[in-house]
Amino acid sequence: MIFFDIGLTLALSICVIGIVYRVARWSGKWTSRTPHLSSGFFLWIVRAVKAVILDVLFLARSGRTSFLRWLAHSLVFFGFMGLLLFHAMDETVTATFFPFYESTLDPWQFLRNLFGAMTLVGLALMVYRRVRSTKLRLLTHFQDWAALLIIGCILLSGFLLEASKIMSPAVFDRMTDEYFVPGEVGDLTALKAYWAHEYGVVFSVEYPRDEETLELGASLDEDSCVDCHASTATAFVSRPLATALGPVAFALNTSRADQVFWYFHVIFCFIALAALPFGKFFHPVSTPINLVARQGRRDDLEEFQPSDVLRGVGMDACTRCGECSLHCSVAPAFTVLGNQNILPSEKLVSLKQFQTGEQMSQASLTAFSEGSRICTECLRCTDLCPSGINLQDLWIASKAQITKRAPSPNDLLRKKTAAQRARVFDDLCKSSSILPAVAGLADDSASYWACVQCTTCTSVCPVVAVCEDPSRDLDLLPQQIMNLLRMGLKEETLGARMVWSCTTCYKCQEHCPQNIRVADVLYELRNTVAARVRDGGASCEGNGESL
Amino acid sequence: MTRNDDIYDVMVIGAGFAGMAAALFASAQGLKVVQTGATGGIDFSTGFIDLMGVHPIAEGKRWQNPWLAIEAVIRDCPKHPYGLLSKDEIFESVDTFTRFLAEQGLEYVGHFARNTCSVTPAGTIKRTYRVPKTAWNGSLALGKKAPTLIVDFHGLKGFSGTQLVETQKHHWPELKTVRIQFPGGHGELYPEHMAWALADPTVQEKMIAAIMPHAVDVEYLGFPAVLGLNDPQKVVDHLAELSGKHVFEIPTMPPSIAGPRLRAVFDRGLPSLGVCTHSQKMVTDVQVLDSGMFEFSVGTGAAKLSVTAKKAILATGRFFGKGLQAERKKLVEPVFDLPVVQPEAREQWHGQEFFAPQGHPVNSAGIEVDERLRPMDASGRPAYDNLYAAGAILAHHDWMRMKCGAGLAIATAYKAVKELMR
Amino acid sequence: MKYAYFPGCKIPHHLPEYGASVEAVCKALDIELVPLEFNCCGWPVRHENELASIFSAVRNLAVAEKAGLPIFTPCKCCFGNLKYAQSRLAEDEQLSIQVESLLAQDGLALPKSMNVYHMLTILDEQVGAELLHRQTANSLEGVKVACHYGCHALRPGNVTGFDDPMAPTVFERIMHAIGAEPVDWDLRLECCGYPLRGRDDTISEALMRKKLEDAASVGADVVATACTYCQLQFDKERDGLVYSDPLRKAPPAVLVSQILGIALGLDPKALGLDMNCIPWHGPGF
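Residue numbers (this note's numbering), protein chains in the order written: chain A, 1 to 547; chain B, 1 to 422; chain C, 1 to 285.
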């Protein structure tokens, strides 16, 4: 079949080239580190095998966090693998082991339907999971729906194909032309009658259903067909589907729906094959590799610091299941701030872009940088990642690099001279759409009416104490900041290093004889700058250099 | 502290001189003491303990003998709180107080019947009853007009060696000054940080090395009070050893570290005497229970707690200590809402001249007490049988101008505890 | 005694010995720690946005309240931020409403009684000095301990209600109970400096240095910490100094749970003492 061969070759080429490109990217741009096997080779093999059985085949990691997900993915995994090996690759796999294989025989017909049904049920559960959870719905992007869609299409087209073939008189005729030698004149009719009755073929004419005819048909069927055809009753999805399509059977048959569905089915399969190297479609290749490399570990202990290649494998092993984000310790910060990069599954997307040198806008770099900063490295995502990605290592290893490309306000400040610092945040929009200051102390002059400039806050400050020249090293001292705020000059304080080098020890606030909330105010000044940056420092008219 | 369901013998409201003294005296008597208070006047103290210095303030007459001064004050101002105390009580109280300070490493010295003259950062002379030992040599040097070098530091505000010498130059010709760079500190300097730095012997050595070229023919070295925070005597002794001169401290303008030194002494010493302290918390409300005991609401917000005590001593200070609150038209006492003795009308609070030597009427406002130091209600009877008052909250004295603040606080606290025990 | 266990984000990867020793000690003292799925206390994100910080904290309080348990935390920064959120809700009604609607998105209700305790408070008030003394199998007599209070549990005192912010005594009381000798040191209540790591490492190190030098100057054998961050600063960060730095010879920093564990006769390995970077050569091990 020329179409099939060309299509397959094309899809396979894209697939192979894509895989090669993907694998080549695994070396990334990390500061390299030589991997070392801390344990012996034999132990490594044992652990690898264990990982293959437990993590890859039994999806043990998925089961830890969500039974629903484990069930769904197991169904899809085993269902699809079954179809792939025993149906799609039947000529190379099944036929080799079972010389008398025919696709229409049992158990293959039954298994095909079973695997197909399993996969469909699994897919349905996957869709349900993503639709039911609000957070997960937010995190489900184009490629996530696309993956579910393409597999779904393959399966549905496959069932429709089988159903239409069951119904098709044209297919029947093709088969009888080649394989049936009628002994007598009424034989073909009897066979047809039997096949209509038993196998579900929908002929354009109604054939007799009397016992004699059927008996004759049955025996003819026995002689000529049964060796290769099991009753379509075991096609427990396709056959009922065919029955359900009964009302439109005539139209389907005349339009050769079976051929149409074949093309659809094959095209969907080719699309999936060609898409394999892209995005999360690649995980069937990368995730098992990553799971084996991880050897069953859920931590990130230093002796197992991965090489750059393994880091690349890890980044590619993400199935975008979203479990990490659903359980992320700093997810509440995402709820408030809305920056998706705070959540691990989305941060990983940015990290991949960053590491592979993809062009990223300043806004996305800033968002990524904020996400990187907010992560507390609590280890939870790493512990529960079903794909076994060593996320903790990725986060920690990338922090320095991303900070350099998109510095935080604090980092940016440090690079400036004193004169520049006084103006460093001037270019940020002082827009009102920023998240409102919760306490609003800095703008509320009543906060400072009681300040008598006694300098107690400065005297007790440990940061001032360790500075050889406090004014030079910190720009402004605490009581000077309070004084500026008292005069309504908040903007003049934002670039002072005292604000950013405050160690939040609260001694100033504790000792203040007039109950001024000094430390809280310093927090608020930092928050003010952070909010302006988040609100789109880049979108304002100012030099992009500020942030 | 998340729980405080003990019943205390006495609640001391206030953590200034009077409050600290009251807590000290009460715990020494074996009472179960709880204390609350927030940063207020004591943190701006010079560290000197004044007993009585100036009377009448309109004339600015200074007294050598504080006891005679006290007699004169009581005679001329019969309502002055000193009138409620005997000389023995006053002496005993100050003596006990300073003995406690000495035990904690902050020794105070002076004469029995004579005020000590001490030089201020502006070069004026202050007469006070007890000075920290670390300042003592300054008084000696002043008395002898000895050749003395006042060391000043670039960037330290609130202290000027030049000013000091300028003011004293006629009386004390051999007084010199030099301004040097503080070792390891530049720009604006603050006493507390300098004091921490100077606790380090290496820093002390560097400083002396910088001073010695200027100190060739002097006997005394005077410094602003930055010679260590918690153990100044040790620093002074070491500096004396390094330099071979007598060394002394001069308090800087407030906020000097004298206040933090005193506070640190009490923060260390009182808990070990069994006093339950609630620092930086103020009493927001008080209920009188059927038994007559007080139930205080202490602190604000989530850290609020309630404290029950059989008796209480109100030592909340004046305006800076929040013992008295100045509203638009009148003064109020915020804890018990006791009547405050004050000028009749708002216009009468202050005179026309800010620097008038006789001061201003509002500076004598406060609570009136009976002879047992119990605050009185509007009818002239004790408002509560179990409430006492001590310190600057008492009316009829202008402690800042009379130079009697610390002594009066300590002595009235002593008396209050004594009365409380009866 | 049953508590919801709030270890905080920094224990699993950065300081597992704290988690190990806390769990070992609590087991020995019959304190039941129930693990719930908490989120970050919100302390680190407070630099970025206050609402994110407060919501993070209150969400934990809501989770604990739903389980009907008070929170037990060994980290002072976590404790401080949970208390801070509690105090902000009490003073700001608008904020309460905002947080309530955020909580509703996760199917949680605004917590009413928000009971949060730091480990030291539990040891002092629930366990008590007497019980600790009785259970001390290995008295720490002669061991001079510099108790490091740090900042975020102590201050601001009207928010945390932990102890007297100027004259706290809880830590020393516990040390006395197990026979150790707490020493008085000037910088006892000063900040360890860890909050400045990654923001101003120079000052952070200077603060660390001052603290440890002070402890050394009073002859302490060990600096006792009761906070994940403080221990990270005095142990892990100190370990980053060059080998010749004399600060490495200053007293080692040991977690209060580790010290307590040794006093109770627990196995040093179970207390994670082999994970301390600056080792403590304590009594009998």
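Where a beta carbon is used, it is the ideal one built from N, C-alpha and C, also for glycine.
Please read these numbers as outputs of a predicted model, since none were measured by experiment.
Kindly indicate which residue of A:ARG414, A:ARG486, A:LEU245 and A:ALA275 has the alpha-carbon position closest to the one of A:ASP444.
-> The shortest C-alpha separation from A:ASP444 is found at A:ARG486.
Quick one: what does DSSP say A:ILE555 is sitting in, helix, strand or coil?
-> Residue 555 of chain A lies beyond the residue range present for chain A, which begins at 1 and ends at 547; the question has no answer from this structure.
Three-pair Cβ contact test at 8 Å for the region 272-281 of chain A versus the region 370-390 of chain A | Three or more Cβ pairs closer than 8 Å define a contact, and the region 272-281 of chain A falls short of that threshold against the region 370-390 of chain A.
In chain A, what lies closer than 8 Å to C:VAL63 by C-beta?
-> In chain order: nothing, as chain A lies at least about 11 Å away.
Between the beta-carbon of B:LEU24 and the beta-carbon of B:VAL10, is there less than 8 Å?
-> Taking 8 Å as the Cβ cut-off, B:LEU24 and B:VAL10 do not qualify as a contacting pair.
Could you run through the region 272-298 of chain B and flag, in chain order, every residue whose CB is less than 7 Å away from some CB of chain C?
-> Within the region 272-298 of chain B, the qualifying residues are THR277, HIS278, SER279, GLN280 and LYS281.
Quick one: is C:ASP239 near chain A, going by C-beta distance under 8 Å?
-> At a cut-off of 8 Å between beta carbons, C:ASP239 makes no contact with chain A.
Can the beta-carbon of A:PRO462 be found closer than 8 Å to that of C:GLU190?
-> Going by C-beta atoms, A:PRO462 is nearer than 8 Å to C:GLU190.
Less than 8 Å between the CB atoms is what I'm expecting for C:CYS277 and C:LYS236, so what's the real figure, rounded?
-> Yes, they are in contact, since the Cβ atoms of C:CYS277 and C:LYS236 sit about 6 Å apart, within 8 Å.
For the region 110-125 of chain C and the region 72-81 of chain C, state whether three or more C-beta atom pairs, one from each stretch, are separated by less than 8 Å.
-> With a cut-off of 8 Å, the region 72-81 of chain C and the region 110-125 of chain C count as touching, because enough Cβ pairs lie within range.
Based on Cα-Cα distance, which residue from A:ILE481, A:ARG526 and A:GLY440 lies nearest to A:PRO409?
-> Considering only alpha carbons, the answer is A:ARG526.
Since C:GLN258 is in the alpha helix (DSSP H), which residue starts that stretch and which ends it?
-> For C:GLN258, the uninterrupted alpha helix (DSSP H) segment begins and ends at 256-263.
Contacts that C:SER87 makes with chain A (C-beta to C-beta distance below 7 Å) | Against chain A, the beta carbon of C:SER87 has no neighbour under 7 Å; the closest one sits roughly 11 Å away.
C:ASN49 beta carbon less than 8 Å from that of A:ALA530 | Yes, Cβ-Cβ distance for A:ALA530 and C:ASN49 is below 8 Å.
What residue range is occupied by the uninterrupted alpha helix (DSSP H) comprising A:TYR207?
-> Here A:TYR207 belongs to no alpha helix (DSSP H), and DSSP marks it neither H nor E.
Excluding sequence positions up to five away, which residues of its chain have a Cβ less than 8 Å from the Cβ of A:ALA367?
-> Same-chain partners within the cutoff: ASN339, GLN340, ASN341 and SER350.
Closer than 7 Å, Cβ to any Cβ of chain B: which residues of the region 439-472 of chain A, in chain order?
-> Within the region 439-472 of chain A, the qualifying residues are CYS454, THR455, THR456, THR458, SER459, VAL460, VAL464, ALA465, GLU468, ASP469, PRO470, SER471 and ARG472.
Since B:GLU295 sits in a beta bridge, which residues does DSSP pair it with?
-> The partner list for B:GLU295 (beta bridge, DSSP) reads B:GLN287 and B:THR308.
Have a look at C:LEU61 and B:LEU408 and give me their C-alpha separation to the nearest angstrom.
-> Rounded to the nearest angstrom, the two C-alpha atoms are 50 Å apart.
DSSP state of B:CYS276 mapped onto helix, strand, coil | It is a strand residue.
Are there 16 or more other CB atoms within 10 angstroms of the CB of A:SER433, so buried, or fewer, so exposed?
-> The pLDDT assigned to A:SER433 is 46, lower than 50, so where the model puts this residue is not dependable, and the model offers no usable value.
Would DSSP call B:LEU142 helix, strand or coil?
-> Correct three-state label for B:LEU142: helix.
Quick one: grab the DSSP three-state call for B:ILE57.
-> It is coil, neither helix nor strand.
B:TRP448 at chain A interface by Cβ criterion, 8 Å | No answer is possible for residue 448 of chain B: the residues shown for chain B start at 1 and end at 422.
Using a C-beta to C-beta distance shorter than 8 Å, which residues of chain A count as neighbours of C:ILE71?
-> Within chain A, not a single residue places a beta-carbon under 8 Å from that of C:ILE71; the smallest gap is close to 15 Å.
Could you run through the region 306-328 of chain A and flag, in chain order, every residue whose CB is less than 9 Å away from some CB of chain C?
-> If the cut-off is 9 Å between Cβ atoms, the region 306-328 of chain A has HIS327 and CYS328 near chain C.
Is the beta carbon of A:ARG64 less than 8 Å from the beta carbon of A:ASP55?
-> No; because the gap between Cβ atoms is not below 8 Å, this pair is not in contact.
C-alpha distance - A:VAL20 paired with A:SER27, whole-angstrom precision = Distance between the alpha carbons of A:VAL20 and A:SER27 is about 12 Å.
Residue interval of the beta strand (DSSP E) (run including B:GLN35) = It spans 33-37 - the beta strand (DSSP E) in which B:GLN35 sits, taken as one unbroken run.
Assuming B:ALA122 and B:GLN163 form a contact by the criterion Cβ under 8 Å, report the distance between their Cβ atoms to the nearest whole angstrom.
-> Right, the Cβ-Cβ distance comes to about 6 Å (below 8 Å), so this counts as a contact.
For the alpha helix (DSSP H) containing B:LYS206, list its first residue and its last residue.
-> Per DSSP, B:LYS206 is one residue of the alpha helix (DSSP H) stretching across 201-211.
My guess is that A:VAL171 and A:ASP258 are in contact by the Cβ rule of under 8 Å, so how many angstroms apart are they, rounded?
-> A:VAL171 to A:ASP258, Cβ: 6 Å. Contact.
Chain A within 8 Å of B:PRO191, Cβ atoms only = Cβ-Cβ to chain A under 8 Å: yes for B:PRO191.
C:GLU32 - DSSP class collapsed to helix/strand/coil | The answer is strand: DSSP assigns C:GLU32 an E or B state.
Local conformation of B:THR116 per DSSP, three classes | It is a strand residue.
Could you tell me which residues DSSP puts in a beta bridge with B:GLN325?
-> Under DSSP, B:GLN325 forms a beta bridge with B:VAL332.
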